[in-house]
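Using the numbering used here, the first residue of the sequence shown is number 1, and each one after it goes up by one.
Every residue gets a Cβ at the ideal spot worked out from N, C-alpha and C, and that includes glycine.
A short write-up of the structure that comes next.
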Amino acid sequence: MIESGNLKKGGFEKQFGFTVAVEQFYSGYFRTHSKQSHDVLISSAVLTNGTELIALKKSVDEEELAGGRKVSYEVWTLPQTRLSAGDWKLDVMGEDSNSKAIGSFAGSFLPLANAVPEPQSFALAGLALAGALIAHRRRRKQA
Numbered sequence: 001m002i003e004s005g006n007l008k009k010g011g012f013e014k015q016f017g018f019t020v021a022v023e024q025f026y027s028g029y030f031r032t033h034s035k036q037s038h039d040v041l042i043s044s045a046v047l048t049n050g051t052e053l054i055a056l057k058k059s060v061d062e063e064e065l066a067g068g069r070k071v072s073y074e075v076w077t078l079p080q081t082r083l084s085a086g087d088w089k090l091d092v093m094g095e096d097s098n099s100k101a102i103g104s105f106a107g108s109f110l111p112l113a114n115a116v117p118e119p120q121s122f123a124l125a126g127l128a129l130a131g132a133l134i135a136h137r138r139r140r141k142q143a
């Protein structure tokens, strides 16, 4: 989970770290929130492990009426991306333009379920099939 907490007026840089145990696909997002229009403006969001740099993309920049108030938000997304095993860091830079409106951002990055079985799964299935065939042949010979 990514949470900025309340942002103070002025420029900010927030870093969030997480560990990827085994190489796999991840997807994620974070969303800004403020009670004043365009209070929290993100200038960049980059995911890095020290050698790879992956820039997140701004997908929404809208205002909506919620409870009679104007609410401004941006959504920054990481589409399905393969991340190598190791330590990763999300670096978010931006500006909070108003000290009276409390701005923040929050979101998450999660591993996606593997659609393709791991090679070890195929090996185990092959061993089970071979064992079943051997047992079947032994029963035939005994009969």
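Ala130 (DSSP reduced to helix, strand or coil) | helix
Give the secondary structure of Ala125 by DSSP, where H, G and I count as helix, E and B as strand, and everything else as coil.
-> helix
For Ser34, I'd like the list of residues in its chain whose CB is within less than 6 angstroms of its CB, leaving aside the five on either flank, ordered along the chain.
-> Cβ within range, chain order: Val40, Ser72, Ala101 and Gly103.
Can you give me the start and stop residues for the beta strand (DSSP E) that Leu41 sits inside?
-> Val40 to Thr48
Can you tell me where the beta strand (DSSP E) with Glu95 in it begins and where it stops?
-> First-last of the beta strand (DSSP E) with Glu95: Gly86 to Asp96.
Straight-line gap, Phe25 to Ala113 (C-alpha atoms, nearest Å) | 8 angstroms
Distance, Leu124 Cα to Gln80 Cα | 28 angstroms
Compare the beta carbon distance of Ser43 and Leu78 with 8 angstroms and say whether it is the shorter of the two.
-> No. Outside cutoff.
What's the gap between the Cα of Gly50 and the Cα of Leu90?
-> 11 angstroms
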